[in-house]
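Since the structure comes first, as structure tokens, the remarks are kept for the end.
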Amino acid sequence: MTRYNKTKHTYRPISRSVWSMIIILCCATLLRLVMLWYHYPNLNSDQAIIGLIGRHIINKGEHPIFFYGQSYMGTLEGYLAALFFFIAGSSSFTTLNLGLILINILFLYTLYELTRRLYSQSLAFFTLILLTFGSTELMQRYMKGIGGYPEMLLLGALMFLLTLKLTLTAPHTSDQRARLTTYQRWQRAGLYAALGFCMGFSFYTDPLSVVFIIPILLLLIRFCRRELFSLGVAGGILALLLGMAPLIYYNIHIYGTSTENTLQNLLSIQQTPASQMARLHIPAINKFYGTFFISLPTVTSYNTVCTPAQFHNFDLTNKLASLCMLEQGSWSLGYLFLMGSAFGIAGWQLVRHQARYRHRSRQASHDTASGAPDTQVDSTAIDQAEDYRQIVIQSTRIALLLSALLTLLVYAVSSNPAVSPDFGSRYLSNMLVATPALLWPLWNGLRRNSSSVTLLKKINTGMLIRVLGLLLIAGMFIKGTVEVIRVLPASQAAYVQEDTLIHNLEAIGATHIYTDYWTCYRMAFQSQEHIVCANLDDSLKLQGSVDNRYMPYVTMVRNSTRPAFVFSSGSAQDKFMLQQLSLLKARYIEHSFDGYHIYQFIGPVPIPIK
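Numbering of the sequence shown is given in the working numbering, commencing with residue 1 and proceeding in unit increments.
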């Protein structure tokens with residue numbers, strides 16, 4: 001296999017590094033396809049809504065701007081699902097997840113390219129191999145369409161890659177800007193446009209992407225400020241507005257109505273866990289406990305994470321809680337130590353190269369004034385250019401680390417880690433983009449002594465710690481994937497069981513059902529919408545649009561003459577239903593299928609649904 005070289009008009013073989021990267025990506029794709037074959041991870045209602053969006057785009061001509069029931073979080077995953085539904089000719093669980101696998105593989109490739117340019121080729125390979133694997137939580141983040149997280153990773157890595165290209169080639173003197181060719185100006189304009197669109201589209205996809213946008217804007221202000229009033233930057237701003245166009249259109253369209261705008265929706269969602277904290281009297285310190293002991297280990301692929309219940313409200317006198325806090329706290333402490341080390345290394349290198357750059361600038365001025373030989377002037381210019389390049393690289397490394405730190409801080413001050421630190425860990429997913437930055441303090445020492453002879457001669461405590469640290473991290477990721485493979489048969493069995501339940505419901509005519517959120521939409525999607533549903537709370541009251549995300553279903557169920565009630569056995573709703581039935585003298589038929597109780601009334605439904 002060869003590739004064409006436009007400069008020399010010759011063909012040259014594809015390098016071994018490119019082949020290696022392609023092979024690793026193929027292995028990552030194959031691993032994810034095997035998981036998909038076994039219907040892993042199991043479908044949940046959030047993911048099913050993405051599938052329903054895709055199906056409604058194809059079959060009903062709908063063009064939703066946001067995730068159903070929300071005024072934020074874009075629907076790229078839904079449109080990708082529609083594309084694969086159209087290509088495959090069916091809207092199944094398998095075709096739903098193909099788009100997510102594509103996004104994940106593109107993220108791995110983009111992060112590989114970013115790491116190769118920002119750190120080293122060897123670290124790029126290690127990062128690529130590492131993220132091919134992962135814990136059950138990480139694999140679910142990769143392969144579950146729950147609104148925005150997989151594409152945020154891709155867009156975040158891509159924005160840093162585009163920014164690195166812009167800052168490395170930015171003219172940092174007036175003379176350099178004047179010497180730019182027309183092609184170079186158009187090339188930079190294209191980069192600004194691509195970056196602007198990615199910024200706008202990522203914010204439309206999920207406002208959490210602001211943790212990438214802020215550090216990137218700081219880099220652009222630092223290194224590209226001389227182009228602030230250029231046509232390229234103007235084009236970038238227009239592209240940013242284009243990327244945000246769906247968000248802007250929606251908020252203009254609903255202006256003056258009672259519908260919540262994006263900001264109001266975001267604020268109301270944040271109030272839910274805060275009010276839950278107040279109602280349950282959860283202390284504020286649990287925000288730190290939840291973040292440090294549960295959420296951070298979960299999102300960074302620690303295995304096996306203790307459940308929140310095992311922490312016994314972080315009681316140090318409880319043996320199990322103490323053990324969980326020790327293990328997972330040590331992992332989080334190690335993560336924060338690596339982050340601090342990476343900040344320190346990049347900061348020290350930045351200060352060092354800035355001092356050298358200023359010194360060489362003065363030396364260049366002196367050489368020019370004193371009529372020094374051209375070779376000396378050229379040598380100083382080359383050294384100065386390398387120092388400037390290192391200033392850009394170290395600044396970008398700091399910005400990458402800053403994005404991870406912002407992600408962690410924004411999450412830690414919210415109420416989510418106190419209320420649901422395991423489920424809420426998904427809000428830390430953006431920290432994965434900074435994976436190579438966190439690995440660099442361990443990898444850097446090995447890179448300097450890469451040959452086997454040098455390695456044997458210079459083995460010391462520091463190097464041993466680096467090697468053991470890398471092996472521990474790699475072991476955790478691989479262990480997580482082994483655990484995923486181990487549960488694949490159970491995942492397939494759960495899918496078959498769900499399919500059987502759906503067939504049983506259809507057989508007894510229970511196609512319009514009242515149920516809970518986590519049952520509703522996955523049944524609707526998997527049954528090809530032969531079953532439609534409305535969601536009730538624990539006291540059998542109709543829930544709002546946050547849980548009843550697709551209101552046409554609610555209308556269909558409420559207009560049904562014989563709606564069924566489908567509740568998980570032993571759930572709060574099931575217990576409340578049994579209490580109501582003991583008080584009522586209504587006739588009904590009860591079925592039990594696969595862990596669910598189904599209630600069908602003979603005649604009018606005696607329970608008012610409000």
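Note that CB positions come from ideal geometry on N, CA and C, so glycine has one too.
*asked:* Let's test the definition: count the other Cβ atoms within 10 Å of the Cβ of serine 615 and tell me whether it reaches 16, buried, or not, exposed.
replied: Residue coverage of the chain in this structure runs from 1 to 610, which leaves residue 615 outside it and unanswerable.
_Please report the straight-line C-alpha distance between alanine 28 and asparagine 104, rounded to a whole angstrom._
By one-based count along the sequence shown, residue 28 stands at place 28. By one-based count along the sequence shown, residue 104 stands at place 104. So the two alpha carbons sit approximately 9 Å from each other.
_alanine 309, enclosing beta strand (DSSP E) - first and last residue_ = Within the sequence shown, numbered from 1, the residue matching residue 309 stands at position 309. Premise fails: alanine 309 is in no beta strand (DSSP E) and is neither H nor E.
*Helix, strand or coil for methionine 1 per DSSP?*
On the sequence shown, residue 1 is found 1 positions in, with the first residue counted as 1. Residue confidence is low: methionine 1 scores 47 on pLDDT, short of 50, so the model does not pin down where it sits. No coordinate-derived value is stated.
*In or out: phenylalanine 107 buried (at least 16 other Cβ within 10 Å) or exposed?*
Residue mapping note: residue 107 aligns to position 107 of the sequence shown, counting from 1. Counting Cβ neighbours within 10 Å, phenylalanine 107 comes out buried, since at least 16 surround it.
_If you follow the alpha helix (DSSP H) that asparagine 251 is in, where does it begin and where does it stop?_
Here residue 251 refers to the residue found at position 251 of the sequence shown. Run containing asparagine 251: 245 to 253, per the alpha helix (DSSP H) assignment.
*Can you have a look at serine 425 and say buried or exposed, based on whether 16 or more other CB atoms are within 10 angstroms of its CB?*
Walking along the sequence shown from the start, residue 425 turns up at place 425. Under this definition serine 425 is a buried residue.
*asked:* Could you compute how far the alpha carbon of proline 64 sits from the alpha carbon of glycine 334?
replied: Looking up residue 64 in the sequence shown gives position 64. Looking up residue 334 in the sequence shown gives position 334. Taking the straight line joining both Cα atoms gives about 43 Å.
*Quick one: using the 10 Å Cβ neighbour count with 16 as the cut-off for buried, is threonine 481 buried or exposed?*
As a position in the sequence shown, residue 481 is number 481, starting the count at 1. It is buried - the Cβ of threonine 481 has at least 16 other Cβ atoms within 10 Å.
*For aspartate 547, decide whether its Cβ has a neighbour in chain B, counting only Cβ atoms nearer than 8 Å.*
The structure shown contains no chain B; it holds only a single protein chain.
*asked:* Determine whether the beta carbon atoms of arginine 587 and isoleucine 49 lie at a separation below 8 Å.
replied: As a first step, residue 587 must be located in the sequence shown, where it is residue number 587. As a first step, residue 49 must be located in the sequence shown, where it is residue number 49. Contact flag unset, no.
*Go ahead and label tyrosine 183 buried or exposed: buried means 16 or more other beta carbons lie within 10 angstroms of its beta carbon, across all protein chains shown.*
Counting from one through the sequence shown, the residue named residue 183 turns up at place 183. The residue is exposed, with fewer than 16 neighbouring Cβ atoms inside 10 Å.
*Neighbourhood of phenylalanine 593 by C-beta, 8 Å cutoff - its chain only, sequence neighbours within 5 removed*: Mapped onto the sequence shown, residue 593 falls at position 593. Correct list, in chain order: Thr500, Leu501, Asn504, Leu505.
*Just checking, does the region 217 to 231 make contact with the region 166 to 182 on the three C-beta pairs under 8 Å criterion?*
yes
*Please name the residue, chosen from Ile213, Leu218, Val233, Gly156, that lies closest to valine 433 on a Cα-to-Cα basis.*
Numbered from its first residue, the sequence shown carries residue 433 at position 433. When each option's Cα is compared against that of valine 433, the closest is Gly156.
*Note down, in chain order, each residue of its chain lying with its Cβ closer than 6 Å to the Cβ of leucine 338, except the 5 sequence neighbours on either side.*
By one-based count along the sequence shown, residue 338 stands at place 338. Listed in chain order, the non-local C-beta contacts of leucine 338 below 6 Å within the same chain comprise Leu438, Pro441, local neighbours out to five positions each way being set aside.
_Exposure label - leucine 240; buried when at least 16 CB within 10 Å_ = Position 240 of the sequence shown, counted from the first residue, corresponds to residue 240. Counting Cβ neighbours within 10 Å, leucine 240 comes out buried, since at least 16 surround it.
*Roughly how many angstroms separate the alpha carbons of methionine 463 and glycine 344, rounded to a whole number?*
Sequence index remark: in the sequence shown, residue 463 carries index 463 (1-based). Sequence index remark: in the sequence shown, residue 344 carries index 344 (1-based). Taking the straight line from one Cα to the other gives about 18 Å.
*Inter-residue spacing [alpha-carbon to alpha-carbon] between glycine 445 and alanine 189*: For this step, residue 445 is matched to residue 445 along the sequence shown. For this step, residue 189 is matched to residue 189 along the sequence shown. Near 39 Å, if we compare the C-alpha coordinates of alanine 189 and glycine 445.
*asked:* Less than 7 Å between C-beta atoms, sequence neighbours within five positions excluded: which residues of the same chain meet that for glycine 469?
replied: Mapped onto the sequence shown, residue 469 falls at position 469. Cβ within range, chain order: Leu442.
*What is the DSSP secondary structure of leucine 263, reduced to helix, strand or coil?*
As a working mapping, residue 263 is identified with position 263 in the sequence shown. Leucine 263: helix per DSSP, three-state reduction.
*Less than 8 Å separating the beta-carbons of arginine 301 and serine 135?*
In the sequence shown, residue 301 corresponds to position 301, counting from 1. In the sequence shown, residue 135 corresponds to position 135, counting from 1. Reading the sequence as shown, one finds serine at residue 301 and not arginine. Yes.
*Contact the region 54 to 62 vs the region 72 to 79: 3+ CB pairs below 8 Å*: yes
*Out of Val305, His312, Leu320, Ala309, state which residue places its alpha-carbon closest to the alpha-carbon of tryptophan 331.*
Sequence index remark: in the sequence shown, residue 331 carries index 331 (1-based). That would be Val305, whose Cα lies nearest to the Cα of tryptophan 331.
*Start and end residues, alpha helix (DSSP H) containing isoleucine 485*: Numbered from 1 along the sequence shown, position 485 holds the residue referred to as residue 485. Isoleucine 485 -> alpha helix (DSSP H) spans 461 to 486.
*To the nearest angstrom, report how far apart methionine 143 and leucine 247 are at their CA atoms.*
Indexing the sequence shown from 1 puts residue 143 at position 143. Indexing the sequence shown from 1 puts residue 247 at position 247. Roughly 25 Å separates the two Cα atoms.
_Along the chain, where does the alpha helix (DSSP H) containing valine 34 start, and where does it finish?_
Position 34 of the sequence shown, counting from 1, holds the residue named residue 34. Per DSSP, valine 34 belongs to the alpha helix (DSSP H) from 16 to 37.
_DSSP-derived helix/strand/coil call for tyrosine 596_ = Locating residue 596 in the sequence shown gives position 596, where the first residue counts as 1. Reduced to three states, the DSSP call for tyrosine 596 is strand.
_Sequence-distant residues of the same chain with beta carbon closer than 7 Å to glutamine 384, five excluded per side_ = As a working note, residue 384 is residue 384 in the sequence shown. Only Tyr357, Arg360, Ser361, Ala364 meet the Cβ criterion.
_Between Gln394, Leu238, Phe229, which has its C-alpha nearest arginine 619's C-alpha?_
What the structure shows of the chain is the stretch from 1 to 610, and residue 619 is not part of that stretch, so it cannot be assessed.
*Taking the CB atoms as reference points, tell me whether valine 557 and histidine 512 lie closer together than 8 Å.*
As a working mapping, residue 557 is identified with position 557 in the sequence shown. As a working mapping, residue 512 is identified with position 512 in the sequence shown. In this structure, histidine 512 lies closer than 8 Å to valine 557 by Cβ.
*Taking the alpha carbon of isoleucine 22 as the point to measure from, which residue in Ser268, Tyr109, Gln70, Gln47 has its own alpha carbon closest?*
The residue given as residue 22 occupies position 22 in the sequence shown. Measuring C-alpha to C-alpha distances from isoleucine 22 to each of Ser268, Tyr109, Gln70, Gln47 identifies Tyr109 as the nearest.
*Where the beta strand (DSSP E) through asparagine 535 begins and ends*: The residue given as residue 535 occupies position 535 in the sequence shown. Run containing asparagine 535: 532 to 535, per the beta strand (DSSP E) assignment.
*Touch check for the region 533 to 542 and the region 476 to 496: three-plus C-beta pairs under 8 Å?*
No: the two stretches stay apart, fewer than three of their Cβ pairs being nearer than 8 Å.
*Output yes or no for whether 8 Å exceeds the beta carbon distance between alanine 510 and glutamine 600.*
To locate residue 510, count along the sequence shown from 1; it is residue 510. To locate residue 600, count along the sequence shown from 1; it is residue 600. Closer than 8 Å, so yes.
*asked:* Rounding to the nearest angstrom, what Cα-Cα distance links glutamate 62 and threonine 272 in this structure?
replied: Position 62 of the sequence shown holds residue 62. Position 272 of the sequence shown holds residue 272. Note on geometry: alpha-carbon atoms of glutamate 62 and threonine 272 lie some 30 Å from one another.
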